[in-house]
Amino acid sequence: MTGPRAGTILEHTSVKSRQTTTIELAKAAMFTSSAVGAGFALAYIPNIELITAIVFAAGAYLGIRWGAIVGAVSMLIFSGANPLGSGFVNPPLIVAQIISMVMVASVGGLLRSWIFSGKWTKLKIAMLGITGGLLTFIYDSLTTLSTPFAFGFENENLLAFYLAGIGFTFLHQLSNMAVFALVLPGLFSRIRQPSGTGS
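The numbering of the sequence shown is my numbering, which starts it at 1356 and goes up by one.
Okay, here's the thing in structure tokens:
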């Protein structure tokens, strides 16, 4: 197809693509602001946080690409401005946090078809809770291991440091299991998977 008609179709497609990108950017900004706001609101409460759940929901709702952006930007802002200590003074830590949140969003994106299909049975809720616990365990493992790298620990001391540190994160994993199982199913039941949102 050539001529004015083809040009009109291409122009319409380009405008529609820009509109879609703008809408997705706005949604990503909403998820990011929610994650950062929740992070600051709960910063002084040990082992309780909603950033992981919000980033996971962003991945499920927006897809892997936009979800990963939400995860990376949210953690960069929150960790960098954390009132308990900026992550910028510990580069390995903030890198581990960002990588972890990108992973959380990606898993949410990979599971989006499962999340938005079928009813929320007890088994499905339990599986989502376990998913939250496992993702949090990976996050805690990466961030725990980042500290010895920052301070130049010898390799033979890494395992001992990891085992000593990971035990203190158990309540964090339990709390996120509860958030994933008790909060996210209700959220996902109230929102529909957006059509046309790429992975």
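By construction, the Cβ of each residue, glycine as well, lies at the ideal position given by its N, Cα and C atoms.
Let me confirm a value: residue i is counted as buried when at least 16 other C-beta atoms fall within 10 Å, else exposed. Which label applies?
| i | result |
| --- | --- |
| Trp1421 | buried |
| Leu1417 | buried |
| Pro1503 | buried |
| Tyr1399 | exposed |
| Met1456 | buried |
| Leu1365 | Residue placement at Leu1365 is flagged as unreliable, the pLDDT there being 49, under the threshold of 50; the coordinate-derived value follows with that caveat. Exposed, because fewer than 16 other Cβ atoms sit within 10 Å of the Cβ of Leu1365. |
| Ser1461 | buried |
| Ser1468 | exposed |
| Leu1514 | exposed |
Where does residue i fall in DSSP's three states?
| i | result |
| --- | --- |
| Val1538 | coil |
| Ile1546 | coil |
| Phe1471 | coil |
| Asn1531 | helix |
I think residue i touches residue j, with their Cβ atoms under 8 angstroms apart; what is that distance to the nearest whole Å?
| i | j | result |
| --- | --- | --- |
| Asn1531 | Thr1499 | Contact doesn't hold; Cβ gap of about 16 angstroms is too wide. |
| Phe1535 | Val1459 | No, Phe1535 and Val1459 are not in contact; Cβ-Cβ is about 11 angstroms, not under 8 angstroms. |
Within the segment 1398-1440, ranges of the alpha helix (DSSP H) (whole runs, at least 4 residues): Runs of the alpha helix (DSSP H) inside the segment 1398-1440: 1406-1417 and 1419-1435.
Complete runs of the alpha helix (DSSP H) confined to the segment 1443-1499 [at least 4 residues]: DSSP runs (the alpha helix (DSSP H)) wholly in the segment 1443-1499: 1446-1465 and 1467-1470.
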